[in-house]
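Asks:
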Amino acid sequence: MSTIAWNPDFETCHEQMDDTHREFVDLLGQIEAALGDDDTTLLARYDALIAHTVDHFAREDAWMQANGFAAENCHSTQHKQVLEVVAEVRRLFVDQGKRQYVEQLLPALMEWFSQHSQAADYGLAQILLNPEEAAVASAAEPALEGAGGDAAPARSGCGSGSCGH
0 MSTIAWNPDF ETCHEQMDDT HREFVDLLGQ IEAALGDDDT TLLARYDALI
50 AHTVDHFARE DAWMQANGFA AENCHSTQHK QVLEVVAEVR RLFVDQGKRQ
100 YVEQLLPALM EWFSQHSQAA DYGLAQILLN PEEAAVASAA EPALEGAGGD
150 AAPARSGCGS GSCGH
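In structure tokens form, the structure reads like this:
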């Protein structure tokens, strides 16, 4: 029985983001289903997850950049950290045969995704869906020092109201 499944709580109301998130959860489920298969099959499914995740995060990072997020905002930082972990787990699987790390990573990725989608991604989706409101909120923030007093600061947070940045 699969423990990885789509949950409507993950929805952000942004169709393209939600479709991408469903694909992500589906790929996690495919890896879970392949845990009893041979290494070649499991690695192929894991590689499909990595390829998807690189594209998924690059798209969200591009949306953030286009909407005034600082280059090193915490949402993008989370993306980089996840990509580093999935790459290291792959390396350990291929170089040392440690396929158990793939199995151990699945619930951790699902837990992270649950939180990330409901906070950071939901916040980003609201900015993408309501750019006028986001522009008004940015204009109301204090201006950057040394920028002539009229430049709004880049968003350093994740895009959600729960972020302390």
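Letter by letter, the sequence shown follows residues 0 to 164 of my numbering.
Just so you know, even glycine gets a beta-carbon here, dropped at the ideal spot from N, CA and C.
Note that the structure is a prediction, hence the values are computed from the model and not measured.
1. What ranges does the beta strand (DSSP E) occupy inside the segment 62-120, keeping only unbroken runs of at least 3 residues that lie completely in it?
2. Between which residues of its own chain and Ala124 is the CB-CB distance below 7 Å, once the five residues before and five after are set aside?
3. Classify Asp36 as helix, strand or coil using the three-state DSSP reduction.
4. According to the neighbour-count rule (16 or more other Cβ atoms, all chains shown, within 10 Å of its Cβ), is Thr19 buried or exposed?
5. If you draw a straight line from the C-alpha of Ile49 to the C-alpha of Asn129, how long is it?
6. Thinking Phe23 and His55 are a contact (beta carbons under 8 Å), I'd like their distance in whole angstroms, please.
7. Pick helix, strand or coil for His20, following the three-state DSSP scheme.
8. Please classify Glu110: is it buried, with 16 or more other beta-carbons within 10 angstroms of its beta-carbon, or exposed?
9. In chain order, what residues of the same chain lie with their CB nearer than 6 Å to the CB of Arg44, ignoring the 5 residues before and after it?
10. So is Thr52 buried or exposed if we call it buried at 16+ other beta carbons inside 10 Å?
11. Roughly how many angstroms separate the alpha carbons of Glu131 and Ala65, rounded to a whole number?
12. Hey, how far is the Cα of Pro106 from the Cα of Ala4?
13. So, Leu108 versus Val88, is the Cβ gap smaller than 7 Å?
14. I need the DSSP call for Thr2, collapsed to helix, strand or coil.
15. Of all the options Phe92, Gln114 and Ala57, which has the alpha carbon lying nearest to the alpha carbon of Asp37?
Replies: On the basis of the coordinates in this document:
1. none
2. Thr11, Cys12, His13 and Met16
3. coil
4. buried
5. 30 Å
6. 6 Å
7. helix
8. exposed
9. Gln29, Ile30 and Ala33
10. buried
11. 14 Å
12. 11 Å
13. no
14. coil
15. Phe92
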